[in-house]
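Structure first, commentary second.
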Amino acid sequence: MLKVDFQKQVARVMLDRPDVHNAFNDELIPQVTQTFSELGARDDIRVIVLGGNGKSFCAGADLNWMKRMVNYSREENLEDARVLARMFHSIAKCPKPVIARVHGAALGGGCGLVAACDIGIAVESAQFGFTEVKLGIVPAVISPLVIARIGPGRAREYFITGERFLAAVALEIGLIQHVVAHEAALDALIESKISQILTSAPAAIAAAKELVFGVAARTLESSVEFTADAIARARAGEEGQAGMTAFLERRKPPWIEKTNNK
Ligand code: COA
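For the sequence shown, the numbering used here gives the first residue as 364, with consecutive numbering after it.
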């Protein structure tokens, strides 16, 4: 259901239900959550790539599984939805950078997975859409992450029409960050992002992710203390000290030396 390959400091997490375009169900969801929480805690992993085996990235929630909910009690149904929400959070709040490798379909919750990642890169033929309304349901648990990416105005249009759109539109509305012509270019761009990330400090990256979520959730006024605390901790911290010293002494910072030695 989920395959994880390791290559040096990079973990490639591949959804592996190709027969159903990697739709996620009650078996796959906890596997994704657990994998991201484990990878997030590993010092030897610096970057995670999330992709899908077969023709698609992810066709969203498994509709056979969703349909079965009619037999659940309200509390069971709610708890199941919370588990689903936690899967998206485990990706978004993972302290490691996560890159979405998007090809084929990224529909419904598949778009949610893209929005949960830090960097979304897609081939131009990839097909996106918040198709939930076409099925009589709503893009609920993914909405905070999606709205943070595309804004409420665009979300209203795409959540209501449920229309499918190509990568160029996903780029224009801010759901993804890059579009490439074909899969070889997809992997090349991902490698270049990985190389950039490996020269950045691991704890600083985690703090930068927290910074974005923290500031987005605050008013400008209450951001003063929050951001002051973030830079105060970083500049007096071990990495900040080592990084600034290395720059001033024209040496490589320790995390790059470590990367080169792996
Ligand atoms: N849940 C369960 N099964 C799904 C699925 C989903 N979300 N998406 C696709 N599948 C299954 C199909 O039922 C089909 O099963 P079958 O082989 O037993 O008939 C199989 O995957 C292949 O799908 P098919 O539609 O025949 O392939 P395609 O290449 O023509 O189209 C998609 C692929 C993904 C574009 C199309 O299946 C689709 O639009 N799926 C719906 C996605 C959606 O709306 N998701 C939102 C969920 S909230």
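Just so you know, even glycine gets a beta-carbon here, dropped at the ideal spot from N, CA and C. Given the structure is predicted, the values throughout are model-derived calculations rather than measurements.
Quiz item: To the nearest angstrom, how far is it from the Cα of M429 to the Cα of C474?
Solution: 17 Å
Exercise. Taking only runs that begin and end inside the segment 406-450, name each unbroken beta strand (DSSP E) of 3 or more residues, in chain order.
Key: 410-415
Quiz item: How do the segment 556-567 and the segment 508-526 stand: do at least 3 beta-carbon pairs fall below 8 Å, yes or no?
Solution: no
Exercise. List in chain order: all unbroken beta strand (DSSP E) runs of 3+ residues lying wholly within the segment 443-530.
Key: 461-465, 468-470, 482-486, 490-492, 527-529
Practice problem: Look at the alpha carbon of V501 and the alpha carbon of R598, and state the distance between them as a whole number of angstroms. | Solution: 44 Å
Quiz item: Can you tell me where the beta strand (DSSP E) with R598 in it begins and where it stops?
Solution: That residue, R598, is in no beta strand (DSSP E); its alpha helix (DSSP H) goes 583-599.
Exercise. Return the Cβ separation of S453 and F399 in integer angstroms, given the expectation that the two are a contact with Cβ distance under 8 Å.
Key: 4 Å
Exercise. Work out the CA separation of K556 and V410 for me, nearest whole Å.
Key: 10 Å
Self-check item: CA-to-CA distance, R581 to P515, given in whole angstroms
Solution: 17 Å
Quiz prompt | Where A570 falls, given that 16 or more other Cβ within 10 Å makes a residue buried | solution = buried
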